[in-house]
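Following: one structure in structure tokens, then a few remarks.
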Amino acid sequence: MSTKESPADASLTEENTGIKSILEHIKKLDNSLNAKLDSHTSSLKDLQSGVNDIKLRVCQIEKKTEDHEERICMLEERNSILEKELEKCQTSINHMNEYNRKNTVEIFGVPATRDENLFEIIKDIGRVCNVSIETSNIDAIHRDPRKIINPIVVKFVQREKCNELKAGRHGKKIMANQIGFEGNSRIYINVLLTKEKSHLAYQTRSVMKNLFQVKAHVWVDDASRIWVRKSSQDPNESNMKYEIKTDRDINRVASELEKST
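Per full-length UniProt numbering, the sequence shown starts with residue 1, numbered consecutively.
See below:
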């Protein structure tokens, strides 16, 4: 004899089936969430490992940077020492070159002519300066073709004769017509500067010429030293002069001259 399921039992069965379905769905969701959580956990572990690796590399880079900065400081200090030593060597070489030129003068303003006799020209210049110059006093004489105006370069055998000519030119305005040339062009007898000292003198004149508040006079003495002083007609004003030894002195002296106005 078969039993017939009551409506209540059928309803309960349906509810149980629905609950089972919901539980299975929840279980699937839970499994899915756990899988995703495991995946994220794994990703976080990988990320943490990457972060730790980056931190390690950053520490290594910081250490290398500190080492490099320390080395840079050492190199800068060494470079500063070498620059000072190089400056001393250059100064020493310049002094040697200047010493070797102490018996040499450079003469500007003498017109160039074909078949000119430079020995006779320097003798005539000497007579104007009340200095007796013989051919035997001259070691070498020539025009300098490297310069546009081709000055005459005279190297004396003895420095005393060269100094005598330098002293004799002071206070005299030597003109070309005094030594047999036409015209009234002026002749200048200058010390022969080294390339470095000549450039320094040029820089000095350029800067002092462009001063706005003061006029400055620049000259080179017989010892190849460059001097600057303020040009003034006031006898009560200081006549202080400044020696220019390096390019750093130029702007310093220019500033002091402008402050003094």
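We put the CB at the ideal spot given by N, CA and C, even for glycine.
Reference residue i, options the options, closest by Cα
i	options	result
D144	R127, I138, V154, N137	V154
F212	L192, F108, S255	S255
D222	C129, I187, K195, V105	V105
A216	S260, K64, S185	S260
G183	I149, E258, P111	P111
V103	I149, Q158, R169, L29	Reading off the sequence, residue 103 comes out as Asn, not Val. Of the listed residues, the one whose Cα sits closest to N103 is Q158.
F156	T135, G168, A167	T135
E116	K209, L23, F181	F181
Cβ-based burial, residue i [other Cβ within 10 Å; buried from 16]
i	result
V51	exposed
M96	exposed
M179	Reading the sequence as shown, one finds Ile at residue 179 and not Met. That one is buried.
N31	exposed
T204	buried
V228	buried
K230	buried
R146	exposed
I72	exposed
S92	exposed
M1	For M1, the predicted structure reports a pLDDT of 49, less than 50, and the residue's modelled location is therefore unreliable. A value from the coordinates is still provided. Exposed, because fewer than 16 other Cβ atoms sit within 10 Å of the Cβ of M1.
I149	exposed
S57	The sequence as given places Arg at residue 57; Ser does not occur at that position. Under this definition R57 is an exposed residue.
I121	buried
R101	buried
R169	buried
For residue i, the residue or residues it bridges with in DSSP
i	result
K230	A216
M208	According to DSSP, M208 bridges with nothing at all.
F191	Looking at the sequence itself, residue 191 is Val, so the reference to Phe does not match. V191 is bridged to V105.
R186	M175
K241	R229
C-beta atoms of residue i and residue j nearer than 8 Å
i	j	result
I189	M175	no
V220	V253	no
I133	K123	yes
V207	I138	no
L200	D247	yes
G109	S185	yes
L165	V131	yes
K241	E98	no
K161	V128	no
E258	V218	no
Own chain, CB closer than 7 Å to residue i, minus 5 neighbours either side, in chain order
i	result
E14	none
G18	none
R225	E243
Cβ-based neighbour list, residue i, same chain, cut-off 8 Å, excluding 5 preceding and 5 following
i	result
H142	L118, I152, V153
Neighbour flag for residue i against chain C, beta carbons, 8 Å
i	result
K195	No chain C appears in this structure, which consists of one protein chain only.
Residue i beta carbon near the ligand HEM (any heavy atom closer than 7 Å)
i	result
T104	The ligand HEM is not among the ligands present in this structure, which contains no ligands whatsoever.
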